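Undergrad: Protein sequence lines, in the order shown, are assigned to chains P and B.
Per the numbering used here, the very first residue in the first sequence carries number 1; after that it's consecutive.
Per the numbering used here, the very first residue in the second sequence carries number 1; after that it's consecutive.
Beta carbons are placed, not taken as given, at the ideal position from N, Cα and C, and that holds for glycine.
Remember, predicted model here, so these are calculated numbers, not experimental data.
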Amino acid sequence: AQTVTQSQPEMSVQEAETVTLSCTYDTSESNYYLFWYKQPPSRQMILVIRQEAYKQQNATENRFSVNFQKAAKSFSLKISDSQLGDTAMYFCAFINAGNNRKLIWGLGTSLAVNP
Amino acid sequence: DTGVSQDPRHKITKRGQNVTFRCDPISEHNRLYWYRQTLGQGPEFLTYFQNEAQLEKSRLLSDRFSAERPKGSFSTLEIQRTEQGDSAMYLCASRKEAGGPYGYTFGSGTRLTVV
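Structural data, given as structure tokens:
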């Protein structure tokens with residue numbers, strides 16, 4: 001079965017600090033793509049960062065970076081210099097390269113950035 | 001064209017009534033997806049289209065649900081004889097087929113409440 005597990009239902013962080021959200025996944029495929037999406041309250045899903053499984057180098061996008069451990073099937077998201085606007089639900093998701101159609105999602109982590 | 005549009009944003013209906021939602025994807029995106037997201041959960045795949053062809057339907061899509069994309073542009077999702085368990089956020093996303101599984105763009109969703 002293809003699954004995504006986010007073990008932290010809720011997290012909080014002080015503004016300007018760093019926080020790491022965890023994600024593990026399970027797939028039998030060797031080639032796939034991993035994503036972190038952000039969903040602010042009552043707003044649309046926005047792509048934060050993506051990682052191709054065949055790339056060893058961890059992806060970074062400004063204040064967002066990932067720690068991709070393929071053998072451990074782990075894909076954590078680090079947010080540096082947290083801002084109030086980072087408050088949102090964060091979803092980890094993946095797509096198998098051979099099944100290039102639908103995203104498999106975790107349950108999400110609710111992140112609150114406190115002033 | 002600024003993104004994926006969904007209409008309506010909110011819908012409250014009485015149990016047993018039929019409802020229809022509309023999704024207008026980004027014009028050059030030939031793939032269109034419907035997901036359902038219940039409170040506290042990640043999105044679940046419902047169905048997807050490549051142009052006007054519906055290529056896959058989830059088992060979540062009971063016979064009360066039907067989706068169409070008649071001209072390969074906008075799509076509609078109809079729920080007949082609504083039940084309280086249908087209350088959820090219905091998300092539409094689109095992307096281009098070429099270039100790998102990147103570039104999903106999500107709409108803001110339609111929140112359905114069945115009373």
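Does any C-beta atom of chain P lie closer than 9 Å to the C-beta of ARG31 of chain B?
TA: Closer than 9 Å to some Cβ of chain P, the Cβ of ARG31 of chain B qualifies, so yes.
Undergrad: To the nearest angstrom, report how far apart GLU15 of chain P and THR60 of chain P are at their CA atoms.
TA: Between GLU15 of chain P and THR60 of chain P, the C-alpha separation is close to 20 Å.
Undergrad: Would you kindly check if the distance between the Cβ of PHE94 of chain P and the Cβ of PHE64 of chain P is under 9 Å?
TA: Not a contact, by the Cβ cut-off of 9 Å.
Undergrad: For LYS96 of chain B and LEU34 of chain P, I'd like the C-alpha separation in whole angstroms.
TA: Answer to the nearest angstrom: the Cα atoms are 18 Å apart.
Undergrad: Between which two residues does the beta strand (DSSP E) containing GLN51 of chain P stretch?
TA: Looking at the DSSP string, the run of the beta strand (DSSP E) that includes GLN51 of chain P is 46-52.
Undergrad: Please determine, among P:ILE104, P:VAL113, P:ALA112, the residue with the shortest C-alpha to C-alpha distance to THR3 of chain P.
TA: Closest option to THR3 of chain P, Cα to Cα, is P:ILE104.
Undergrad: Can you list, in chain order, the residues of the region 32-44 of chain P whose Cβ is nearer than 7 Å to any Cβ on chain B?
TA: Correct list: TYR33, ARG43, GLN44.
Undergrad: Just reading off the beta strand (DSSP E) that HIS10 of chain B is part of, what are its end residues?
TA: Where HIS10 of chain B is concerned, the enclosing beta strand (DSSP E) stretches over 10-13.
Undergrad: List the residues that DSSP assigns as beta-bridge partners of GLU10 of chain P.
TA: P:SER110.
Undergrad: Ordered along the chain, which non-local residues of its own chain (more than five positions away) have a Cβ less than 8 Å from that of THR18 of chain P?
TA: Hits under 8 Å: LYS78, ILE79, SER80, ASP81, SER82.
Undergrad: Which of the three DSSP states, helix, strand or coil, is assigned to LEU103 of chain P?
TA: The answer is coil: DSSP assigns LEU103 of chain P none of H, G, I, E or B.
Undergrad: So, for ILE46 of chain P: in the same chain, excluding its five sequence neighbours on each side, which residues have a beta-carbon less than 6 Å away from its beta-carbon?
TA: These residues qualify, in order along the chain: LYS38.
Undergrad: Here's the rule: buried if 16 or more other CB atoms are within 10 angstroms of the residue's CB, otherwise exposed. What is SER94 of chain B?
TA: That one is buried.
Undergrad: Anything in the region 57-91 of chain P with a Cβ closer than 7 Å to a Cβ of chain B? List those residues in chain order, please.
TA: Listed in sequence order: PHE91.
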